[in-house]
């Protein structure tokens, strides 16, 4: 709040020597503190007023002593502008007035009764000075008898007083000390202490001055009021209530409000909400548009990579194949791709040894495979036919929703999605051009990362609400390390979009999530709806103060709400969300839990540098589960800091043996982190049985192999299986201890006994090691 006052003074140019709002905010707090300490030493009342504070601050101003009153009036005016009437309290007051019951405002504050009257008139136009009891005027606070002063003023006994307040010490205990009956209206921090403290923690991790941020007052007051309207003062809350009303609800309400405002400014009348998340987003947008009387209509535009990425192919050159294959999270082989497009017979165009290899960016073999695919007339013909079928299906779907949403060529449309790279917007925009769809000029996103800048260079215009093209960079890089939580929240209880039928209807895949996950997410979405409805009630009630109420203007606060969830979740959130299943949703049937046991063990043994580079869903959740002491290091690296390493490098080799002959000799060096753990890993392709031999060339006293992680991807089906061997002796040949760990001395080796896999596959082998000190 004080920095807002400082902003006002800075704009007026009354601060000396270039002092700014931040400096004023610090000085304002310290001046009040100094005055209270001086009063305490004098055994005087510590109820300090604004006039005394600004007399001490005069050296900062190009003003004189006679101007103190004008300075005080500025702070009162700024406070008045920022205050939000409490809708619950207003209803209580309306009830008291209708019954003719007297009431008074009792406040522990540096404001005088006259100043408080100015602040209160927006919420209670009938307020009079004799109904205001200020600790500043009376020289004592509520804990020392101020409530009794108020009772005496009205000729009432303290035992006849009902005192309503939000501070447990001052209001509850202060009332009880004089025999009054207290009613505690919890502050935001009391409603969910874990959420409140987590927001403070993530702000400190990100270097954001959250506890001093003016917007914090607004977001906390707003959430508290929505909570009391929805749950009540004494209602018992569940996790879905806390997440929906305190975190996800404000995020999505602010996004909906901002999107509609931006759409109106851009002359947009139709919002196409992408992917299955668009079902929920369109519902929220239409709720806001109807309640706020905004002439914009949102409609779900149910697409996915499975139905848009095939449209990338037109010239059929190698760059289009690269765009398709490298745009996937999970690599695909040529044989899988050709089977998927309905032309498995054309796999003969690729040399036998390359057909089943996963195609990855930067892999020479992958580049070679793409060259064969792009250079084959048979493959080109099959891909062209597949792309044309996909465009035809998409055109049928577009015609169907166009009729339902009255979407025509003259419509001014924009895409809406959660985010993140905006690559899908580029692909879909090009697809719509091919089929004669509407020209979509812009996309509105909850957040966009740095990759959106590259799409802008390709002609894709986008706006981001919380983060735009990765800015502010440090906050974005940390907060968006986990995007899947919000995707799960917004996904309806359907699988990903697999295609369209002959009438243009959507064909959904089977939802991967289990019943408990669906039920929780349904409850959570219900609480988000509740938040939006109560928030809109308050916006309408205080239409003359809409700016102070606007979530769309509270972006710094909303970033921290998202960061709290993704970076420092509560123990209950970690347990619940970690078990959620996330499907790949780009034409693959693959799915995995967000905190998969395989990755828990990997994070437990990898170095912080390796953890930072891992492409895993929820790195900070995994760190809390498995490696909390590495958390700060990974945060710093995510923010872009250069972290000094203390890793101890060691050499090792992995021999792949077939028919008694070493067919491949792989380097599998490992590095011990400061806590003495390491991973030695290799990925290789094979189509038959292999014997594996791990050789330790490290110069430490030795290592304990404490876990063995094996991941296999079938080259024909693309199916991934992962296994965690907690007793390495079951899979390693070597000297085993009583706990199942295997010790390998310098120069020693162990054999790895992998179970047989039918057909070609890609195998990833990770040995989880611990350093022996003697």
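Residue numbers (full-length UniProt numbering): 1 to 774.
All residues carry an ideal CB built from backbone N, CA and C; glycine is no exception.
Residue i versus residue j: straight-line alpha-carbon distance, rounded
i           : j           : result
residue 55  : residue 25  : 15 Å
residue 446 : residue 268 : 17 Å
residue 323 : residue 444 : 23 Å
residue 403 : residue 281 : 20 Å
residue 197 : residue 648 : 37 Å
residue 105 : residue 132 : 5 Å
residue 16  : residue 52  : 20 Å
residue 766 : residue 659 : 24 Å
residue 696 : residue 759 : 30 Å
residue 747 : residue 698 : 7 Å
residue 2   : residue 221 : 17 Å
residue 712 : residue 720 : 6 Å
residue 172 : residue 29  : 27 Å
Selection from the options that minimises the alpha carbon distance to residue i
i           : options            : result
residue 613 : 559, 551, 640, 90  : 640
residue 304 : 619, 5, 425        : 425
residue 661 : 692, 651, 683      : 692
residue 620 : 567, 573, 699      : 567
residue 705 : 328, 171, 124, 677 : 677
residue 487 : 582, 684, 296      : 582
residue 562 : 754, 49, 199       : 199
residue 349 : 328, 382, 330      : 382
residue 103 : 204, 78, 155, 592  : 155
residue 553 : 82, 90, 174        : 82
residue 505 : 575, 439, 462, 392 : 392
residue 775 : 351, 316, 476, 32  : Residue 775 cannot be examined here, being either before or after the span of the chain that is shown, 1 to 774.
residue 50  : 40, 94, 671, 111   : 111
residue 551 : 223, 27, 180       : 223
residue 405 : 271, 712, 355      : 271
residue 164 : 560, 182, 755, 11  : 182
residue 27  : 59, 45, 675        : 59
residue 559 : 474, 494, 573, 380 : 474
residue 57  : 9, 99, 42          : 9
Burial state of residue i, where buried means 16 or more other Cβ atoms lie within 10 Å
i           : result
residue 483 : buried
residue 142 : buried
residue 191 : buried
residue 258 : buried
residue 247 : buried
residue 70  : exposed
residue 524 : buried
residue 276 : buried
residue 596 : buried
residue 421 : buried
residue 358 : buried
residue 338 : buried
residue 469 : buried
residue 540 : exposed
residue 510 : exposed
residue 770 : buried
residue 375 : exposed
Where residue i falls: helix, strand or coil (DSSP)
i           : result
residue 595 : coil
residue 696 : strand
residue 723 : strand
residue 614 : coil
residue 291 : helix
residue 264 : helix
residue 672 : strand
residue 461 : coil
residue 362 : coil
residue 769 : strand
residue 685 : strand
heavy atom of the ligand NAD below 7 Å from residue i C-beta
i           : result
residue 126 : As presented, the structure is devoid of all ligands, the ligand NAD included, so that no description of it is given.
Determine, using beta-carbon pairs with one atom in the region 655-666 and one in the region 722-736, whether at least three such pairs fall under 8 Å. no
Are the region 451-458 and the region 421-438 in contact at 8 Å, needing three or more beta carbon pairs? yes
Is the region 598-612 touching the region 621-639, taking contact as three or more C-beta pairs under 8 Å? yes
So, do the region 681-695 and the region 648-659 have three or more beta carbon pairs nearer to each other than 8 Å? yes
Any 3 or more C-beta pairs closer than 8 Å across the region 462-470 and the region 485-501: no
Given 8 Å, three or more beta-carbon pairs between the region 435-443 and the region 281-291: no
Does the pairing of the region 524-533 with the region 312-327 give three or more beta-carbon distances under 8 Å? no
Given 8 Å, three or more beta-carbon pairs between the region 110-130 and the region 79-93: yes
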